[in-house]
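Data block below; observations after.
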Amino acid sequence: MFRISPHLPCRHGFTVFLMSLMLSACGGGGGDDSGGTPTNPNAIYVNAGADIEVLEATDASLSGSATGNTDGATWRWSVTPSATITQDDNTVADAVFTAPVVTTDTSFVVTLTVTNSSGNSDSDTLNILVRPVNVSPTAVITPEQEAGQPQNTYSAGSTVELSGSASTDEDAPDSANPIAAWEWQQTSGNSVLNGIATDQPSITITMPVETSAQALTLTLTVTDAEGATDTATVTLNTLSESQTLPKVSAGNDQAVFSGERIVLNGVATTTVSAGLPLLSEWEASGSAGMVRDADTLSTYAIAPQVDVETQMSYTLAVSDAFGHIVYDEIFVTVRPMPVPLLNDTGVTVQANNTAYANTQQNDFPGQDGQRGGDVISAAGFLEKAGRGKAGFDFTKLNSNGDEEDDTSQAWSCVRDNITGLIWEKKTDDAGLRDADNTYSWFFSAQNGGYQGPQTTTTASCTMTNCNTQAYVSAVNAQGLCGFYDWRMPTHQELMSIIHFGQPSGVMLDDDYFPFAGTLAAGEDKLWYWTRMPSADGVSGDAAQNAWALDFASGLDNFLIKSSPARVRLVRAGR
Numbered sequence: 149m150f151r152i153s154p155h156l157p158c159r160h161g162f163t164v165f166l167m168s169l170m171l172s173a174c175g176g177g178g179g180d181d182s183g184g185t186p187t188n189p190n191a192i193y194v195n196a197g198a199d200i201e202v203l204e205a206t207d208a209s210l211s212g213s214a215t216g217n218t219d220g221a222t223w224r225w226s227v228t229p230s231a232t233i234t235q236d237d238n239t240v241a242d243a244v245f246t247a248p249v250v251t252t253d254t255s256f257v258v259t260l261t262v263t264n265s266s267g268n269s270d271s272d273t274l275n276i277l278v279r280p281v282n283v284s285p286t287a288v289i290t291p292e293q294e295a296g297q298p299q300n301t302y303s304a305g306s307t308v309e310l311s312g313s314a315s316t317d318e319d320a321p322d323s324a325n326p327i328a329a330w331e332w333q334q335t336s337g338n339s340v341l342n343g344i345a346t347d348q349p350s351i352t353i354t355m356p357v358e359t360s361a362q363a364l365t366l367t368l369t370v371t372d373a374e375g376a377t378d379t380a381t382v383t384l385n386t387l388s389e390s391q392t393l394p395k396v397s398a399g400n401d402q403a404v405f406s407g408e409r410i411v412l413n414g415v416a417t418t419t420v421s422a423g424l425p426l427l428s429e430w431e432a433s434g435s436a437g438m439v440r441d442a443d444t445l446s447t448y449a450i451a452p453q454v455d456v457e458t459q460m461s462y463t464l465a466v467s468d469a470f471g472h473i474v475y476d477e478i479f480v481t482v483r484p485m486p487v488p489l490l491n492d493t494g495v496t497v498q499a500n501n502t503a504y505a506n507t508q509q510n511d512f513p514g515q516d517g518q519r520g521g522d523v524i525s526a527a528g529f530l531e532k533a534g535r536g537k538a539g540f541d542f543t544k545l546n547s548n549g550d551e552e553d554d555t556s557q558a559w560s561c562v563r564d565n566i567t568g569l570i571w572e573k574k575t576d577d578a579g580l581r582d583a584d585n586t587y588s589w590f591f592s593a594q595n596g597g598y599q600g601p602q603t604t605t606t607a608s609c610t611m612t613n614c615n616t617q618a619y620v621s622a623v624n625a626q627g628l629c630g631f632y633d634w635r636m637p638t639h640q641e642l643m644s645i646i647h648f649g650q651p652s653g654v655m656l657d658d659d660y661f662p663f664a665g666t667l668a669a670g671e672d673k674l675w676y677w678t679r680m681p682s683a684d685g686v687s688g689d690a691a692q693n694a695w696a697l698d699f700a701s702g703l704d705n706f707l708i709k710s711s712p713a714r715v716r717l718v719r720a721g722r
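Its first residue numbered 149, the sequence shown is counted upward by one per residue in our numbering.
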């Protein structure tokens, strides 16, 4: 359509009569006797063109027109609400409107504004109706499959997930959520949808338990954002209760050393009560260790002695009241026990979430009481150069440092055959090495910045200065067991002889370390110094504390260096 430019030099009234008067008054140049419309030589009049109807995701050509003074005219297209208009050259009227994707009929108002070189402009609008083009969605049902059964065939009483999440809609406005609504229905078979929300992408159903097999048919109808629908159908076959097999799991494959415990933690289930009771039996392959209580689901076996890495298997057989037998097996890799370089803890008991136990705890696998030298020793598979409780391997040394195998003879030192360290044996004779002597921690060098007190009123011994450095010097002066290189142990060295498996008393193998000290009334700690100053409690870059171990509890802590504590010396093995 054409409009009178707002840049005309006079206003227009609201009636034909007033319009005529005003045009006469304005001297609208060039009008003839019949009252023709006067013109402004610089005015411009715009026509945006006819309204348009297009489909979504298509282009529509725009090409308006203008009359009057079009010299140097520039053309500008705009649209509400926002959409894409492509105009390569604003000196011509041509442009392209790209219809967006819509879900319902949507109107857009397009405005064409033209401005000439004199600065006069005019605008006109047209309407574009964009209609959606809807592609119907595709419904897809993906049933969970049961292992060991043909496709879409299930045991009676089993649970099955049906997923519709693979359903699609290729023209969805939100590709991440293409489906707007879901509806599951059952069209044949015993009802399995009672109490189930059927408006979800997935459902989980329980197959019926009947004396005869059945077929269930279910449908899924999906609706997209534009209201189009599609339906998929699936048929599920359910076995009768007498056709339904029990389920069995023998557990996880394992790798162990000879003498360690193999966890046999089987699971047997059935989805039909008529199949009960279930009977189980473990069977070991030819070279595998014998199973303890083979007719028990949860039990164990001792890994046999091997010279090279060997794989063996354990099979669990489960039978039900219908005579069905199912099997599962695990594979166990058994390796020869390497020569240990560190002592085990001494712990052979196991634990559950509430208590310690001397029985196998398969629900808590991998714990200390199932692995390591202590367990291997209990199985009789740990070779020792000497003797010792649990996995410890000690040898007594006499006053000359020679091995003393006669248990009736006295000994002065103990060699740890695993670590190679030689330990001082404490005495109970009120002498230099008496177990009840205590010392302050004092070293003139390598002391963490503070050497500690040379003597205190709380330490008690047979020397003038009851401190650690003085004690080391005194024992070396005596040449205990023929050695003169005795020293204080490190934290790790001292902990290596703690027997954490001792149920009570001092946490040492008392067959080799019979004297460890007597607890005074009201005391519950047997602190032994290590050589290690502690970074805890530093004052002015000087360590005020040193590490000590409690042989009554097995705990460690840092003590102020003036504290009285016991000492057990060590030296490297020969």
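For glycine and all other residues, C-beta sits at the position ideal for the given N, C-alpha and C.
For my contact list, residue i and residue j are in at a C-beta cut-off of 8 Å; report their separation, rounded to the angstrom.
i, j, result
"valine 261", "serine 269", "This sequence places threonine at residue 261; valine is not what is there. Correct: roughly 6 Å between the Cβ atoms."
"alanine 287", "serine 315", "5 Å"
"proline 394", "threonine 369", "Their Cβ separation, rounded to whole angstroms, is 37 Å, which puts proline 394 and threonine 369 out of contact at 8 Å."
"glycine 407", "isoleucine 450", "7 Å"
Buried or exposed: residue i, going by 16 or more other Cβ atoms within 10 Å of its Cβ?
i, result
"arginine 716", "buried"
"glutamine 599", "buried"
"proline 681", "buried"
"methionine 355", "buried"
"phenylalanine 706", "buried"
"glutamine 299", "exposed"
"aspartate 441", "exposed"
"glycine 539", "buried"
"aspartate 633", "exposed"
"glutamine 508", "buried"
"valine 718", "buried"
"glutamate 531", "exposed"
"isoleucine 473", "exposed"
"glutamine 498", "buried"
"lysine 709", "buried"
"glycine 178", "Only weak support is given to the placement of glycine 178: the predicted model assigns it a pLDDT of 37, under 50, and the value that follows is read from those uncertain coordinates. By the 10 Å Cβ count, glycine 178 comes out exposed."
If we call anything under 9 Å between Cβ atoms a contact, is residue i one with residue j?
i, j, result
"valine 654", "methionine 636", "no"
"threonine 222", "tyrosine 193", "no"
"methionine 611", "leucine 569", "no"
"glycine 414", "leucine 464", "yes"
"glutamate 204", "valine 250", "yes"
"glutamine 650", "glycine 521", "no"
"valine 420", "serine 303", "yes"
"threonine 586", "threonine 605", "no"
"alanine 380", "threonine 367", "yes"
"serine 547", "serine 556", "no"
"isoleucine 327", "valine 340", "no"
"valine 466", "leucine 427", "yes"
"cysteine 609", "aspartate 582", "yes"
"glutamate 477", "alanine 398", "yes"
"asparagine 190", "serine 266", "yes"
"glutamate 551", "arginine 535", "no"
"alanine 713", "tryptophan 675", "yes"
Give me the residue from the options with the minimum Cα distance to residue i.
i, options, result
"serine 435", "Val482, Leu628, Leu580", "Val482"
"isoleucine 645", "Asp511, Arg519, Ser588, Lys573", "Lys573"
"aspartate 207", "Trp430, Phe699, Thr458, Phe245", "Phe245"
"serine 226", "Asp550, Thr555, Thr273", "Thr273"
"glutamine 333", "Asp347, Val396, Asp322, Asn325", "Asp347"
"threonine 567", "Thr543, Thr502, Ser388, Trp589", "Thr543"
"serine 284", "Ala373, Trp695, Pro189", "Ala373"
"leucine 364", "Leu384, Glu358, Pro349, Ser350", "Leu384"
"glycine 212", "Gly220, Ser525, Arg224, Val202", "Arg224"
"asparagine 565", "Asn491, Tyr462, Gln594", "Asn491"
"glutamate 309", "Gly670, Ile289, Leu387, Ser271", "Ile289"
"glutamine 362", "Pro349, Ala696, Pro229, Ser388", "Ser388"
"glycine 337", "Ser313, Val382, Gly375", "Val382"
What span of residues does the beta strand (DSSP E) with residue i cover, start to end?
i, result
"threonine 234", "232-234"
"glutamate 671", "Run containing glutamate 671: none; DSSP gives neither H nor E here."
"glutamine 333", "327-336"
"serine 311", "307-311"
"tyrosine 448", "446-450"
"tyrosine 660", "Neither: tyrosine 660 is in no beta strand (DSSP E) and is coded neither H nor E."
"asparagine 705", "704-708"
"glutamine 692", "690-698"
"serine 269", "269-279"
Could you pull the start and end residues of the alpha helix (DSSP H) that residue i belongs to?
i, result
"isoleucine 524", "521-526"
"threonine 369", "No alpha helix (DSSP H) contains threonine 369, which is instead part of the beta strand (DSSP E) from 362-372."
"tyrosine 619", "616-626"
"methionine 643", "639-643"
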